[in-house]
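Structure first, then comments.
Number of protein chains: 2
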Amino acid sequence: MASKILLPEDRIPKQWYNIVADLPSPMDPVLHPATGRPVGAEDLAAIFPPSLIEQEMSQKRWIDIPEPVLEKYLLWRPTPLRRAHNLERYLGTPARIYYKDEGVSPPGSHKPNTAIPQAYFNKIDGTKKICTETGAGQWGSALAFATSLFGIQCEVYMVRVSYNQKPYRRIMMETWGATCIPSPSDRTETGRSILSVKPDSPGSLGIAISEAIEAAITQEGTRYALGSVLNHVILHQTVIGLEAQQQMEIIGEYPDVVIGCVGGGSNFAGLAFPFVRDKIKGKDIDIIAVEPTSCPTLTKGAYTYDFGDTSGKTPLLPMHTLGHHFVPPPLHAGGLRYHGIAPLVSKLLVENLIRASAVQQLDTFAAGLLWARTEGYIPAPETTHAIAMAIEEAKKAKDEGKEKVILFSWSGHGLLDLAAYEAYMEGKLANYSLSVEEIQEALKELEHLPKPKTT
Amino acid sequence: MASKILLPEDRIPKQWYNIVADLPSPMDPVLHPATGRPVGAEDLAAIFPPSLIEQEMSQKRWIDIPEPVLEKYLLWRPTPLRRAHNLERYLGTPARIYYKDEGVSPPGSHKPNTAIPQAYFNKIDGTKKICTETGAGQWGSALAFATSLFGIQCEVYMVRVSYNQKPYRRIMMETWGATCIPSPSDRTETGRSILSVKPDSPGSLGIAISEAIEAAITQEGTRYALGSVLNHVILHQTVIGLEAQQQMEIIGEYPDVVIGCVGGGSNFAGLAFPFVRDKIKGKDIDIIAVEPTSCPTLTKGAYTYDFGDTSGKTPLLPMHTLGHHFVPPPLHAGGLRYHGIAPLVSKLLVENLIRASAVQQLDTFAAGLLWARTEGYIPAPETTHAIAMAIEEAKKAKDEGKEKVILFSWSGHGLLDLAAYEAYMEGKLANYSLSVEEIQEALKELEHLPKPKTT
């Protein structure tokens with residue numbers, strides 16, 4: 001009974017999987033915020049290199065992973081597929097629980113799966129510097145890591161309140177040579193105009209996105225990078241699921257249930273999409289996207305066009321959203337606080353190829369603590385959402401007396417999130433669910449925006 | 001050209017290697033502090049279970065690893081042997097640099113290699129609670145992790161200044177269910193008597209050891225555990241080197257140089273001792289123990305009998321020491337601040353089977369930063385000592401035009417030590433070497449203590 005299923009280095013996937021090629025119906029186009037017409041490659045040229053724009057719009061099922069990207073991936077990939085023997089025994093479940101451990105990367109999460117190719121494609125296109133935003137710091141540190149390997153400068157706009165409260169993520173970025181700037185900053189028009197009104201603004205992800213894009217456009221040889229939501233980001237993450245499929249095959253298993261937590265959607269999609277392909281081809285799999293009840297984008301949001309940022313400057317994306325001004329209540333899973341979600345994940349929900357579920361904060365931390373005390377590794381607060389669902393499914397299997405195979409994505413470790421565990425153990429955290437009125441209020445701003453065809 | 005050499009789970013070592021069986025001359029005995037006579041099993045029975053005492057005194061070359069210990073080891077073992085391709089290219093060296101990555105364990109270091117068997121042997125002997133001390137927190141968190149897996153209570157006395165400055169290590173222990181107490185505390189006679197004189201005492205490792213031993217002796221069903229120095233601890237760590245030997249064999253390599261950092265000596269010994277065995281049998285290997293210039297136990301200390309703790313209550317150990325009252329200047333590698341070293345490591349130095357070298361603090365952080373920016377992973381400050389030496393050896397190989405194979409022990413990651421990196425990047429750290437006078441002053445207290453025969 002293996003504890004870890006390891007894939008030899010030479011079996012690392014050589015291509016990413018693009019689910020666009022297998023969708024039952026075409027995606028609704030992304031719209032230009034000013035004209036309302038579909039966005040073209042030329043609209044994105046100022047902020048992304050051509051190869052990434054091509055991937056963003058590609059209909060091709062398989063896209064080659066360049067050799068230099070594979071070489072960097074090998075620093076930590078293929079990642080282990082682990083089996084949670086101790087937890088299974090603790091639960092007394094007949095279910096077999098497997099998880100794909102993306103926490104083994106240098107920054108400790110799945111984010112470098114896309115940071116590495118984004119840095120690489122920028123490098124070959126001559127980009128000297130990449131600007132980005134970060135909330136809790138997972139994405140910023142992944143991009144800092146990736147750019148350090150390719151010799152590109154990196155400028156990260158970090159939401160000021162996180163910048164002050166989470167110095168370790170900032171130091172991590174600096175250790176990899178990046179510049180980390182509290183946002184709003186005096187480096188951009190956006191930042192200066194906000195600071196002139198509110199000098200002590202705590203910032204927001206929306207503001208940080210606006211600053212990073214502005215910084216990218218106004219500096220010579222500089223481009224922008226995003227850590228989730230977009231098609232090319234999702235594409236890069238599919239190495240997770242493609243590896244997991246091979247590892248499952250090695251031990252003669254196949255999942256009945258596939259689970260991932262969702263914020264922007266890239267970690268869930270990375271594991272799930274290769275299995276969604278199997279499902280489209282006829283396999284019977286229950287694929288579950290898990291979100292917090294305090295930011296219930298998929299379970300309570302509307303499927304409509306909305307902006308990716310708070311200030312309404314990005315293209316309009318067809319997705320589940322709580323409205324671009326929605327600000328979730330305090331929640332320690334910083335990576336799950338996004339108002340929208342990847343259009344590809346939304347599309348699959350609309351097509352009934354996946355389902356969504358929301359979990360309460362206290363249940364996620366209870367799951368994380370139980371996990372740490374049985375399986376040893378301390379999960380990120382985001383990951384505990386997937387764990388809570390895996391435990392629920394394992395208990396259901398016990399009740400039903402079924403030998404179910406559960407597979408979930410371990411998006412990252414929680415070694416830089418220990419303050420959240422302390423808050424939980426000290427009883428300082430609470431559950432939070434949005435009322436019907438709060439949801440209705442949040443969704444109002446979406447009424448005047450265009451609607452996708454496939455609702 | 002592999003980046004990681006992985007050992008299949010079924011090739012995990014089934015026995016630990018006890019170097020005592022292969023020493024060119026017998027070890028000097030450990031002496032009772034009161035009688036001055038060799039310590040017997042009965043003297044240790046109050047604090048350790050019989051199976052660990054047997055290992056401590058064993059002359060057998062191979063000692064079986066129990067099945068339940070192997071099962072827990074498999075949570076993270078066998079650990080990867082990695083090759084530092086990017087660093088090699090950066091240095092332009094013909095040397096091939098390999099490192100054994102012990103940072104992949106749940107607590108992030110090599111310490112659980114001994115915490116797991118110590119928890120297991122206590123469990124089967126009926127121990128309900130284990131008390132220990134911790135300085136920076138690596139050992140305390142490893143024991144908290146191990147006891148949580150075996151359902152034993154864990155009480156960790158943490159040096160108060162670290163307790164206050166490093167909350168993350170404390171929270172980690174609490175996440176695994178341990179109780180972490182700032183030392184000196186009011187829970188022990190030792191602690192109370194110190195607090196009555198100095199209520200704001202910052203504590204020391206010596207005080208914490210005394211408190212943990214007292215707490216173990218005075219509580220029902222309670223024992224004590226130590227994280228380095230003793231023979232049984234070193235024994236458990238040899239899984240590192242035994243795995244590395246198999247991994248080297250898989251790729252047809254053999255090290256010319258083996259490097260490890262030394263504090264108490266267990267991480268160095270764990271990798272090096274199986275190779276020392278080869279050296280005793282005739283292999284030509286340069287085996288280097290690396291310590292900080294600010295705590296130069298092996299390079300500047302005396303080889304003599306000394307106490308393991310500051311208060312002089314433990315048995316007298318034959319070892320290199322700077323005197324049990326020696327307090328090194330501030331240094332961010334908390335694990336390398338011990339005044340003495342494992343008697344087995346000392347013995348090998350006396351026998352010229354290994355050599356010792358000291359490195360300056362700023363050189364170690366420069367090495368750590370270079371490593372992070374080429375190889376990605378951020379090393380613990382202790383590990384950067386081994387890295388600095390590996391880089392020195394790789395540069396030497398370049399100068400000599402030699403294809404040298406370098407192997408070092410990556411004792412742990414630095415994700416909970418980022419504050420030290422920040423201090424370095426902000427120019428707040430300094431080098432520190434002890435003067436001849438300081439050394440002489442420190443060694444004075446050793447004059448009246450017994451001398452080993454094999455000096």
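Chains as they are written, first to last, in my numbering: chain A, 1 to 455; chain B, 1 to 455.
Just so it is clear, CB atoms sit at the ideal spot from N, CA and C, and this is done for glycine as well.
Can you give the Cα-Cα distance for B:P255 and B:S25, rounded to whole angstroms?
The count along the second sequence starts at 1 and reaches residue 255 of chain B at position 255. The count along the second sequence starts at 1 and reaches residue 25 of chain B at position 25. Spanning the two alpha carbons is a distance of roughly 26 Å.
Please return the same chain residues whose Cβ sits closer than 6 Å to the Cβ of B:G334, not counting the five positions on each side in sequence.
To locate residue 334 of chain B, count along the second sequence from 1; it is residue 334. These residues qualify, in order along the chain: G135, A136.
Length at least 4, wholly inside the segment 89-175 of chain A: the alpha helix (DSSP H) runs in chain order:
Taken in chain order, the complete alpha helix (DSSP H) segments of 4 or more residues contained in the segment 89-175 of chain A are 112-124, 138-150, 160-165, 167-175.
For A:G334, return the contacting residues in chain B, with the cut-off set at a CB-CB distance below 8 Å.
Along the first sequence, read from residue 1 onward, the residue named residue 334 of chain A stands at position 334. Under the 8 Å cutoff, chain B gives no residues; its nearest Cβ is about 17 Å from A:G334.
What residues of chain A sit near B:E382, judged by a beta carbon separation below 9 Å?
As a first step, residue 382 of chain B must be located in the second sequence, where it is residue number 382. Per Cβ cutoff of 9 Å: no residues; B:E382 is ~16 Å from chain A at best.
Within chain A, the residues that B:G177 reaches when beta carbons sit closer than 9 Å
Looking up residue 177 of chain B in the second sequence gives position 177. Here the neighbours are L369, A372, R373.
Reference B:Y168; option with closest CA among B:T188, B:Q153, B:G140, B:L195
Numbered from its first residue, the second sequence carries residue 168 of chain B at position 168. Comparing alpha-carbon positions, the option among B:T188, B:Q153, B:G140, B:L195 lying closest to B:Y168 turns out to be B:G140.
Alpha-carbon to alpha-carbon, A:C295 and A:E438:
As a first step, residue 438 of chain A must be located in the first sequence, where it is residue number 438. As a first step, residue 295 of chain A must be located in the first sequence, where it is residue number 295. When rounded, the distance between both Cα atoms is 11 Å.
What does a CB cutoff of less than 6 Å around B:D470 pick up in its chain, not counting 5 residues either side in sequence?
Lying before the first or after the last residue shown, residue 470 of chain B is absent from chain B, which here runs from 1 to 455.
Can you find the residues in the same chain that come closer than 8 Å, C-beta to C-beta, to A:L416, ignoring five residues on each side of it along the sequence?
Numbered from 1 along the first sequence, position 416 holds the residue referred to as residue 416 of chain A. The residues are G108, G137, K166, Y168, R169, M172.
Take A:D186 as the anchor and find which of A:T383, A:Q245, A:Y303, A:P199 has the nearest alpha-carbon.
Position 186 of the first sequence, counting from 1, holds the residue named residue 186 of chain A. With distances taken between Cα atoms, A:D186 lies closest to A:P199.
Does any residue of chain B have a CB that is nearer than 9 Å to the CB of A:V76?
As a position in the first sequence, residue 76 of chain A is number 76, starting the count at 1. A small correction: the amino acid at residue 76 of chain A is Trp; Val does not occupy that position in the sequence shown. A:W76 counts as touching chain B.
If the criterion is Cβ atoms closer than 9 Å, does the pair A:A225 and A:V159 meet it?
Start at 1 with the first residue of the first sequence, and residue 225 of chain A comes out as number 225. Start at 1 with the first residue of the first sequence, and residue 159 of chain A comes out as number 159. No; because the gap between Cβ atoms is not below 9 Å, this pair is not in contact.
B:M1 burial status per 10 Å Cβ neighbour count (16 or more: buried)
For the purposes of this step, residue 1 of chain B is identified with residue 1 of the second sequence, where counting begins at 1. Exposed is the label assigned to B:M1, since fewer than 16 other Cβ atoms lie within 10 Å of its Cβ.
According to DSSP, A:E291 sits in a beta bridge with which residue or residues?
In the first sequence, counting from the first residue as 1, residue 291 of chain A sits at position 291. Beta-bridge pairing by DSSP links A:E291 to A:A358.
Identify the continuous alpha helix (DSSP H) that holds B:S204 and give its terminal residues.
Numbered from 1 along the second sequence, position 204 holds the residue referred to as residue 204 of chain B. Counting along the chain, B:S204 falls outside any alpha helix (DSSP H), and DSSP gives it neither H nor E.
So with CB distances below 8 Å, who are the chain A contacts of B:F145?
Position 145 of the second sequence, counting from 1, holds the residue named residue 145 of chain B. By Cβ distance, chain A contributes G376.
Proximity to A:L91 [Cα-Cα], best of A:D399, A:I341, A:P112, A:S228:
Against the first sequence, residue 91 of chain A aligns to sequence position 91. If you compare the alpha carbons of A:D399, A:I341, A:P112, A:S228 with that of A:L91, the shortest gap goes to A:D399.
List the residues of chain B that A:K129 touches, going by C-beta distances under 8 Å, in chain order.
Counted from its first residue, the first sequence places residue 129 of chain A at position 129. What A:K129 touches in chain B: nothing, since even the nearest Cβ is about 16 Å away.
Closest by CA to B:S183, which one among B:D101, B:E211, B:P329?
Counting from one through the second sequence, the residue named residue 183 of chain B turns up at place 183. For the options B:D101, B:E211, B:P329, the alpha carbon positioned closest to that of B:S183 is the one of B:E211.
When you compare only the Cα positions, how much space is there between A:K396 and B:L149?
The residue labelled residue 396 of chain A in the question sits at position 396 within the first sequence. The residue labelled residue 149 of chain B in the question sits at position 149 within the second sequence. Cα to Cα, the separation comes out at about 25 Å.
By the criterion of Cβ-Cβ separation under 9 Å, what are the contact partners of A:I171 in chain B?
Translated into positions along the first sequence, residue 171 of chain A becomes position 171. Those are L418, A419, Y421, E422, M425, listed as they occur along chain B.
By the DSSP assignment, the beta strand (DSSP E) with B:Y432 in it spans what residues?
Taking the second sequence and counting its residues from 1, the one referred to as residue 432 of chain B is at position 432. Careful: B:Y432 lies outside any beta strand (DSSP E) and carries neither H nor E.
Would you mind telling me which residues of chain A sit closer than 9 Å to B:L488, beta carbon to beta carbon, in chain order?
This structure leaves residue 488 of chain B out entirely; chain B is present only between 1 and 455.
Which word fits A:V444, buried or exposed, when buried means at least 16 other C-beta atoms lie within 10 angstroms of its C-beta?
As a first step, residue 444 of chain A must be located in the first sequence, where it is residue number 444. Note that residue 444 of chain A corresponds to Lys in the displayed sequence, not to Val. Classification for A:K444: exposed.
Would you identify the three-state DSSP class for B:F48, choosing helix, strand or coil?
Counting from 1 along the second sequence, the entry for residue 48 of chain B is found at position 48. Correct three-state label for B:F48: coil.
Between the segment 123-133 of chain A and the segment 248-265 of chain A, can you find at least three pairs of beta-carbon atoms closer than 8 Å?
No, because fewer than three Cβ pairs between the segment 248-265 of chain A and the segment 123-133 of chain A fall closer than 8 Å, the two stretches do not touch.
Listed in chain order, which residues of the segment 90-121 of chain A have Cβ atoms closer than 9 Å to some Cβ of chain B?
For the segment 90-121 of chain A, the residues whose beta carbon sits under 9 Å from a beta carbon of chain B are, in order, V104, S105, P106, P107, G108, P112.
Look up B:V257 in the DSSP assignment and give the residues it is bridged to.
Here residue 257 of chain B is taken as the residue at index 257 of the second sequence, counted from 1. B:D286, B:I406.
In angstroms with no decimal places, state the Cα-to-Cα distance between A:I267 and A:H110.
Position 267 of the first sequence, counted from the first residue, corresponds to residue 267 of chain A. Position 110 of the first sequence, counted from the first residue, corresponds to residue 110 of chain A. Residue identity differs from the one stated: residue 267 of chain A is Asn in this sequence, not Ile. Going from the Cα of A:N267 to the Cα of A:H110 covers about 7 Å.
So if I threshold CB-CB distances at 9 Å, which residues from the segment 153-168 of chain B count as touching chain A?
So the close ones are P167, Y168.
B:T297 and B:H320 - do their beta-carbons sit closer together than 9 Å?
On the second sequence, position 320 is the one that residue 320 of chain B refers to. On the second sequence, position 297 is the one that residue 297 of chain B refers to. Yes. Within cutoff.
Minimum C-alpha distance to A:W235 - residue among A:Q245, A:Y338, A:Q118
Locating residue 235 of chain A in the first sequence gives position 235, where the first residue counts as 1. The displayed chain sequence assigns Leu, not Trp, to residue 235 of chain A. Across the set A:Q245, A:Y338, A:Q118, the C-alpha of A:Q118 shows the shortest separation from the C-alpha of A:L235.
B:H320, enclosing beta strand (DSSP E) - first and last residue:
Within the second sequence, residue 320 of chain B is the residue found at index 320, counting from 1. 316-321 is the span of the beta strand (DSSP E), which, as asked, contains B:H320.
Could you please give me the residues that DSSP links to A:Q15 through a beta bridge?
One-based indexing of the first sequence puts residue 15 of chain A at position 15. A:Q15 is bridged by DSSP to A:D64.
Mind reading off the beta-carbon distance from B:I341 to B:G264? Whole number of angstroms is fine, and I expect it under 8 Å.
Position 341 of the second sequence, counting from 1, holds the residue named residue 341 of chain B. Position 264 of the second sequence, counting from 1, holds the residue named residue 264 of chain B. B:I341 to B:G264, Cβ: 6 Å. Contact.
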